[in-house]
Amino acid sequence: MSASDYVIAPPAQASLPVRGSDARFPVHRVYCIGRNYAAHAVEMGHDPEREAPFFFQKNPGNLDASGIFPYPDRSVDVQFEVELVVALSGGGRDIPAERAEALIWGYGVGLDMTRRDLQGQAKKAGRPWEVGKAFEHSAPCSALVPASEIGHPTEGAIRLRVNSETRQEGDLAQMIWKTPEIIAVLSQYFELRAGDVIMTGTPAGVGPVARGDVMEAHVAGVGDLAVRVT
Ligand code: MN
Numbered sequence: 002m003s004a005s006d007y008v009i010a011p012p013a014q015a016s017l018p019v020r021g022s023d024a025r026f027p028v029h030r031v032y033c034i035g036r037n038y039a040a041h042a043v044e045m046g047h048d049p050e051r052e053a054p055f056f057f058q059k060n061p062g063n064l065d066a067s068g069i070f071p072y073p074d075r076s077v078d079v080q081f082e083v084e085l086v087v088a089l090s091g092g093g094r095d096i097p098a099e100r101a102e103a104l105i106w107g108y109g110v111g112l113d114m115t116r117r118d119l120q121g122q123a124k125k126a127g128r129p130w131e132v133g134k135a136f137e138h139s140a141p142c143s144a145l146v147p148a149s150e151i152g153h154p155t156e157g158a159i160r161l162r163v164n165s166e167t168r169q170e171g172d173l174a175q176m177i178w179k180t181p182e183i184i185a186v187l188s189q190y191f192e193l194r195a196g197d198v199i200m201t202g203t204p205a206g207v208g209p210v211a212r213g214d215v216m217e218a219h220v221a222g223v224g225d226l227a228v229r230v231t
């Protein structure tokens with residue numbers, strides 16, 4: 002199909018940069034897992050028992066590698082969540098965890114930015130989370146790095162500093178559901194595809210940002226991401 006086959010110009014393909022390359026990773030969907038580090042579950046008022054994982058989505062176009070986070074409208078409590086980002090080169094349904102790593106193209110460092118006040122109101126009313134989670138620029142992300150270069154990170158520091166002060170600090174080994182398990186469970190509910198991106202949850206220490214703040218995220222063995230709030 003060409004552009005003239007559509008009644009309006011087709012939207013641009015969402016994509017992320019690849020470290021050390023001019024090529025880009027085309028994004029199909031963005032899946033996020035909730036409460037995947039026990040200490041964060043506790044700080045949000047939940048039992049850290051290994052309950053079944055649950056998921057929500059952001060929009061592919063919410064990913065933003067510009068290093069700028071424009072403070073969004075309609076919220077006075079916008080919070081950071083540093084997360085390991087997984088990018089898939091293959092998919093399927095009912096994928097066994099043992100086969101999941103072979104479907105991972107690479108990794109990145111991301112922020113699941115959250116309008117916590119709107120998310121809280123939605124939770125209380127039993128409503129969907131999109132207004133709190135899936136807004137424009139809500140997923141700052143680093144350039145992706147291929148697993149062929151760095152392997153599959155399963156342990157090591159995951160950290161966020163705001164204005165040079167450490168706010169979140171954890172270890173990938175603390176993930177309640179490991180990356181292959183997340184892929185396995187997700188694929189029981191959705192048909193995963195090449196181009197899907199998964200945000201794997203955040204360690205404890207989430208908190209609010211203000212205009213002018215600089216967030217510096219780090220995941221050992223994967224990379225760094227610096228984002229200024231404007
Ligand atoms: Mn999150």
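Just so we're aligned: 177 in the numbering used here is position 176 of the sequence shown, and the numbers increase by one with no gaps anywhere. Ideal Cβ positions, reconstructed from N, Cα and C, are used throughout, including at glycine.
(request) Pull up the distance between the alpha-carbon of A174 and that of D95, whole angstroms please. (result) Cα-Cα distance, rounded: 24 Å.
(message) So, with DSSP's three-state summary, where would you put H219?
(response) The answer is strand: DSSP assigns H219 an E or B state.
(message) I'd like to confirm something about M200: is its beta-carbon nearer than 8 Å to some heavy atom of the ligand MN, or not?
(response) Checking every heavy atom of the ligand MN against the Cβ of M200, one is found closer than 8 Å.
(request) Starting from L193, trace the alpha helix (DSSP H) both ways and give me its first and last residue. (result) DSSP places L193 in no alpha helix (DSSP H); its state is neither H nor E.
(request) Can you tell me which of the three DSSP states K1 falls into? (result) This structure cannot settle anything about residue 1, because the visible part of the chain is limited to 2 through 231.
(message) Quick check: what's the CA-CA separation for Q122 versus L187?
(response) C-alpha separation (whole angstroms): 26 Å.
(request) Check whether the Cβ atoms of L89 and A140 lie closer than 9 Å to each other. (result) Going by beta carbons, L89 and A140 fall outside the 9 Å limit.
(message) Considering only the alpha carbon of each residue, which of Q80, R229 and T167 lies closest to G213?
(response) Checking every option, the nearest Cα to that of G213 belongs to R229.
(request) Report buried or exposed for E82, applying the criterion of at least 16 other Cβ atoms within 10 angstroms of its Cβ. (result) Classified as buried, E82 has 16 or more neighbouring CB atoms from the shown chains inside 10 Å of its CB.
(request) Using only alpha-carbon positions, find the residue among D23, P73, A10 and E84 that is nearest to G35. (result) Measuring from the Cα of G35, the nearest candidate turns out to be E84.
(message) Quick check on the DSSP output: the alpha helix (DSSP H) that includes G121 runs from which residue to which?
(response) Run containing G121: R117 to A126, per the alpha helix (DSSP H) assignment.
(request) Excluding the 5 residues preceding and the 5 following Q14 in the sequence, name in chain order all residues of the same chain whose CB lies nearer than 6 Å to its CB. (result) Within the same chain, Q14 has close Cβ partners P27.
(request) Throw me the rounded Cβ distance for the A158 and V19 pair, which I believe falls under 8 Å. (result) About 23 Å separates the beta carbon of A158 from that of V19, a gap too long to meet the 8 Å contact definition.
(message) Using CA atoms only, rank isn't needed, just tell me which of G224, V210, Q189 and A185 is closest to E102.
(response) Checking every option, the nearest Cα to that of E102 belongs to A185.
(message) Can you determine whether any heavy atom of the ligand ATP sits closer than 8 Å to the C-beta of C142, and answer yes or no?
(response) You won't find the ligand ATP in this model; what it holds is the ligand MN.
(request) Could you check which residue in P11, L104, H41 and M45 has the C-alpha nearest to that of D118? (result) Closest in alpha carbon position to D118, among P11, L104, H41 and M45, is M45.
(request) Classify D6 as helix, strand or coil using the three-state DSSP reduction. (result) Three-state result, D6: helix.
(message) Using C-beta distances below 8 Å, list every residue in its chain close to P154, excluding the 5 sequence neighbours before and after it, in chain order.
(response) Cβ neighbours of P154 beyond the five flanking positions: L85, Y108, L173, V220, A221, G222 and V223.
(message) If I follow the unbroken alpha helix (DSSP H) through A279, where does it start and stop?
(response) The question about residue 279 has no answer here: the residues shown for the chain are numbered 2 through 231.
(request) Taking the CB atoms as reference points, tell me whether Q80 and V210 lie closer together than 9 Å. (result) Yes.
(message) Applying the 10 Å Cβ sphere with the 16-neighbour rule, what's the burial state of E217?
(response) Taking all protein chains shown into account, E217 has 16 or more neighbouring C-beta atoms within 10 Å of its C-beta and is therefore buried.
(request) Confirm the yes/no value for this check: CB of T203, any heavy atom of the ligand MN, distance under 8 Å. (result) Yes, Cβ of T203 sits closer than 8 Å to a heavy atom of the ligand MN.
(message) Which of the three DSSP states is assigned to P181 in this structure?
(response) The answer is helix: DSSP assigns P181 an H, G or I state.
(message) Spatial neighbours of T231 within its chain, please: C-beta separation below 6 Å, excluding the five flanking residues on both sides.
(response) Cβ-Cβ distances below 6 Å link T231 to I69 and P71 in the same chain, with the five nearest sequence neighbours on each side left out; the list follows chain order.
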